[in-house]
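Quick look at the structure:
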């Protein structure tokens, strides 16, 4: 059976993008200003009509990891139609900080926690606040800066809250200067 499908929009452009191994299609629409003779509007409810009064929201389709931003879809809450995808800016950095806090908070008493990253070189102040609330924890940070790998160890019980800058962050190079970090040698 062939049924007619009526639409209020025409496609102006379509773009395909690969994000973390998955492919996403971005569809950009424009109002259909070309009148169609003897064509009922799509919201008429007539036979064969696919009608939806779209109500779009950004929904998460791929959660952030410590190395990749979350992916959001612009999806209709009524019919599920998706018209666009985007990465949520800075969500990977937020996840890195969240995972760092969890590692500190859930560590065994008197443990040494090691955090290893190749893409981040600072913390939000909340990570140092978590460390301050666990004075029994030694924190080892391994990171990359300007193509070289470094390590810095924050001894248990260190006063780290004063190292949070006016913007609420602390860079790993600042930690190096306070706690004697060093370059890691390959070999």
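In full-length UniProt numbering, the protein residues as written are 1 to 187. Even glycine gets a Cβ: it sits at the ideal position worked out from N, Cα and C. As the structure is a prediction and not an experimental result, all values here were calculated from the model.
*What do you get for residue 5, buried or exposed, if any count of 16 or more other CB atoms within 10 angstroms of its CB means buried?*
Unreliable placement is indicated for residue 5, whose pLDDT of 39 sits below 50; no coordinate value is reported for it.
*For residue 82, does the three-state DSSP call read helix, strand or coil?*
DSSP places residue 82 within a strand segment (E or B) once states are collapsed to three.
*Of the choices 105, 169, 82, whose alpha-carbon is the least far from that of residue 56?*
In terms of Cα proximity to residue 56, the closest of 105, 169, 82 is 82.
*So what's residue 60 in DSSP terms, helix, strand or just coil?*
Note: residue 60 maps to strand in three-state DSSP.
*Starting from residue 75, follow the beta strand (DSSP E) in both directions and report where the run begins and ends.*
It spans 71 to 76 - the beta strand (DSSP E) in which residue 75 sits, taken as one unbroken run.
*If you count every other CB in all the chains shown that lies within 10 Å of the CB of residue 119, and 16 or more means buried, which is it?*
It counts as exposed.
*asked:* For residue 142, tell me which candidate among 79, 114, 160 has the shortest Cα-Cα distance.
replied: Measuring from the Cα of residue 142, the nearest candidate turns out to be 114.
*Pick from 75, 103, 122: whose alpha carbon is nearest that of residue 165?*
With distances taken between Cα atoms, residue 165 lies closest to 122.
*Would you mind sorting residue 189 into buried or exposed? The rule is 16 or more other CB atoms within 10 Å of its CB.*
With the chain covering 1 to 187 only, the question about residue 189 has no answer from this structure.
*Just checking my contact of residue 172 with residue 186 at CB under 8 Å: how many whole Å lie between their CB atoms?*
Not a contact, Cβ separation roughly 19 Å.
*asked:* With H, G and I counted as helix, E and B as strand and the rest as coil, what does DSSP make of residue 171?
replied: Reduced to three states, the DSSP call for residue 171 is strand.
*For residue 160 versus residue 184, is the C-beta spacing smaller than 9 Å?*
In this structure, residue 184 does not lie closer than 9 Å to residue 160 by Cβ.
*Give me whichever residues DSSP pairs with residue 183 in a beta bridge.*
According to DSSP, residue pairing for residue 183 in a beta bridge involves 150.
*Where residue 35 sits in the DSSP three-state scheme*: Residue placement at residue 35 is poorly supported in this model, since its pLDDT is 40, which falls under 50; the coordinates are not used for a value here.
*Inspect the CB distances between the segment 55 to 71 and the segment 95 to 103 and report whether three or more fall short of 8 Å.*
Contact holds: three or more Cβ-Cβ distances are below 8 Å.
*Would you list the one or two residues that DSSP bridges to residue 124?*
According to DSSP, which records beta bridges pairwise, residue 124 is partnered with 169.
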